[in-house]
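*Asks:*
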Amino acid sequence: MKLKILYDHQTFLEQVYGGISRYYYELITKISQRNNFYVEHSILYSNNEYLRNDERFNIEAFYSINNFLNEKYFFGKNRLFNLFKKFKLVRDHSLEMEKFVKDRLLSGEIDIFHPTYYNPYYLEWAIKSNTPIVITVYDLIHEKFSDYFPNVNRFLERKKICIESANKVIAISENTKRDLVDYYKLPEIKIEVIHLASSLNQIKNEKILREDFSDSILFVGNRSIYKNFQFFIKSIIPLFKEFPNLNIIVAGGGNISSSETKLLKESQIEDKIFFKSFHNDSELISLYRSCRLFVFPSIYEGFGIPIIESMQNGCPVVCSNTSSFLEVAGDAAFYFNPMEAESIFESVREVYKNYNLRQELIKKGFSRSQKFTWLSTIDQTLKCYKDLINSI
């Protein structure tokens, strides 16, 4: 008899491209290939790139406030969109998908429900049907840096409900597990640590174009305050004089902000920072393989998939010595204190100028990255599901 697992749609509405949606994409597609498991999901609408490029997902575009009338925000747009939904002038895609979850949970046929984010809309139906809930917690960024997130209280209330009502909590690192115990006082027995992996090694090499960024440092992802991007830039400004050919490639993370523009202009390095978008995994791989080193100066991460991506693709890693970084990178990275400018400067400078050190980090990185595979993630996740079923 097959174990039936239901995943919901939440993260695939929020992310067009990113680590959390990639994680669930890998779970859904790879578990679906296992003989003793049957996967269902409520993703009927989404703009997520992973799903849109996979013919196994028969989805339509998700219509939301972001693409209502046009993609730009205007005063009163949210109120107008809600009025349109109220009078059924636009289809409420979220409501349709929530109804799908409701019907499947109340059918009594689902063995495990694994919501993909922290909206507890499903709780009444899961309780009524006595369906075990597994939830994955990626990090406690909103708890630790609540001052950086406006109107965060409602989000944290919902997250707390989801965590406390789950039968099992998956933490993506030992660091996240410790934070869960500290902040939510969860018993350790309720938490299962299952590491993530990178999907970039699944791309065929013939699709990869290599560019000449051999003098460049790579920064990947969003640049919100805890990511420490601006402090990193300030810390390495002397390097631009020492190494005139040095550039910074900033991949993804959206358009440059006004504060970033001001910083680069005041530092007179506007022509040294290149903001590049990437539209698929092949383009991201090309950046890792083309740059001299990858830097990850974040103050806090639940895991840090870019570290694995960089190591897989032969790009030396220079990163923070906080949160989960040492757990993920081990001895395959060169570390700095993200709160100390001198530490950042000295570490980045050492790896940038030292060819032999870079080759050592590349070799260790290839070896280290092999410890993190989706096969291992899937095996451990399925064991978590089966153990939960057997314990009830």
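First residue of the sequence shown? That's 1 in full-length UniProt numbering, and the numbers climb one at a time after it. Glycine included, every Cβ here is placed at the ideal spot set by N, Cα and C.
For C162, which residues in the same chain have their Cβ closer than 6 Å to its Cβ, ignoring the five residues on either side in sequence?
*Replies:* Locating residue 162 in the sequence shown gives position 162, counting from the first residue. Within the same chain, C162 has close Cβ partners Y118, P120 and I135.
*Asks:* According to DSSP, is Y352 helix, strand or coil?
*Replies:* Residue numbering aside, residue 352 sits at position 352 when the sequence shown is read from its first letter. Residue state, collapsed to three classes: helix.
*Asks:* Could you round the C-beta distance between S235 and A341 to whole angstroms and report it? I think they count as a contact, below 8 Å.
*Replies:* Counting from 1 along the sequence shown, the entry for residue 235 is found at position 235. Counting from 1 along the sequence shown, the entry for residue 341 is found at position 341. So it is a contact: roughly 4 Å between Cβ atoms.
*Asks:* How would you write the range of the beta strand (DSSP E) that residue 426 sits in, first residue to last?
*Replies:* As shown, the chain starts at 1 and ends at 392. That puts residue 426 outside it, with no answer to give.
*Asks:* Once you ignore the five residues that flank E192 on each side, which residues in its own chain have a CB closer than 8 Å to its CB?
*Replies:* Within the sequence shown, residue 192 is the residue found at index 192, counting from 1. Cβ neighbours of E192 beyond the five flanking positions: K168, V169, I170, A171, Q380 and C384.
*Asks:* I need the straight-line Cα distance from D54 to F345, nearest angstrom please.
*Replies:* Looking up residue 54 in the sequence shown gives position 54. Looking up residue 345 in the sequence shown gives position 345. Whole-angstrom Cα-Cα distance: 42 Å.
*Asks:* Quick one: which unbroken beta strand (DSSP E) runs of 3-plus residues sit fully inside the stretch 156-229? Chain order, please.
*Replies:* Runs found: 168-171, 191-193 and 213-220.
*Asks:* Note the first and the last residue of the continuous alpha helix (DSSP H) segment covering V384.
*Replies:* The residue you call residue 384 lines up with position 384 of the sequence shown. Reading the sequence as shown, one finds Cys at residue 384 and not Val. Per DSSP, C384 belongs to the alpha helix (DSSP H) from W374 to S391.
*Asks:* Would DSSP call F336 helix, strand or coil?
*Replies:* Along the sequence shown, one-based indexing puts residue 336 at 336. The answer is strand: DSSP assigns F336 an E or B state.
*Asks:* Along the chain, where does the beta strand (DSSP E) containing S320 start, and where does it finish?
*Replies:* Numbered from its first residue, the sequence shown carries residue 320 at position 320. Segment V317 to S320, the beta strand (DSSP E) holding S320.
*Asks:* Counting only runs that start and end within the stretch 77-106, where is the alpha helix (DSSP H) found for 4 or more residues in a row?
*Replies:* For the stretch 77-106, whole alpha helix (DSSP H) runs of length 4 or above, ordered along the chain, are 77-86 and 93-106.
*Asks:* Can we say the stretch 148-167 touches the stretch 236-251, given the rule of at least three CB pairs closer than 8 Å?
*Replies:* No: fewer than three Cβ pairs fall under 8 Å.
*Asks:* If you measure between the beta carbons of C315 and L293, is that distance less than 8 Å?
*Replies:* The sequence position of residue 315 within the sequence shown is 315, counting from 1. The sequence position of residue 293 within the sequence shown is 293, counting from 1. For C315 and L293, yes; Cβs fall inside 8 Å.
*Asks:* Thinking just about the alpha-carbon of each residue, which of Y7, F303, I5 and F334 is nearest to the one in L361?
*Replies:* Stepping through the sequence shown from its first residue, residue 361 is reached at position 361. Considering only alpha carbons, the answer is F334.
*Asks:* Of the choices K241, E309 and N35, whose alpha-carbon is the least far from that of E283?
*Replies:* As a first step, residue 283 must be located in the sequence shown, where it is residue number 283. Closest by alpha carbon: E309.
*Asks:* So the candidates are L27, F12, L13 and E301; which of them puts its Cα closest to the Cα of T373?
*Replies:* For the purposes of this step, residue 373 is identified with residue 373 of the sequence shown, where counting begins at 1. Nearest option by C-alpha distance: L27.
*Asks:* Less than 8 Å between the C-beta atoms of E327 and S173, yes or no?
*Replies:* For this step, residue 327 is matched to residue 327 along the sequence shown. For this step, residue 173 is matched to residue 173 along the sequence shown. Yes, the pair counts as a contact, with Cβ atoms nearer than the cut-off.
*Asks:* On the DSSP bridge assignment, give the partners of E40 in chain order.
*Replies:* The residue labelled residue 40 in the question sits at position 40 within the sequence shown. Looking at the DSSP assignment, E40 forms a beta bridge with L6.
*Asks:* What's the gap between the Cα of N82 and the Cα of N130?
*Replies:* For the purposes of this step, residue 82 is taken as residue 82 along the sequence shown, with counting starting at 1. For the purposes of this step, residue 130 is taken as residue 130 along the sequence shown, with counting starting at 1. Going from the Cα of N82 to the Cα of N130 covers about 33 Å.
*Asks:* Have a look at E211 and D331 and give me their C-alpha separation to the nearest angstrom.
*Replies:* Taking the first residue of the sequence shown as position 1, residue 211 is located at position 211. Taking the first residue of the sequence shown as position 1, residue 331 is located at position 331. Looking at the two C-alpha atoms, the distance is approximately 28 Å.
*Asks:* Quick one: Cα of R178 to Cα of S323, how far?
*Replies:* On the sequence shown, position 178 is the one that residue 178 refers to. On the sequence shown, position 323 is the one that residue 323 refers to. Each residue's Cα considered, the two are about 10 Å apart.
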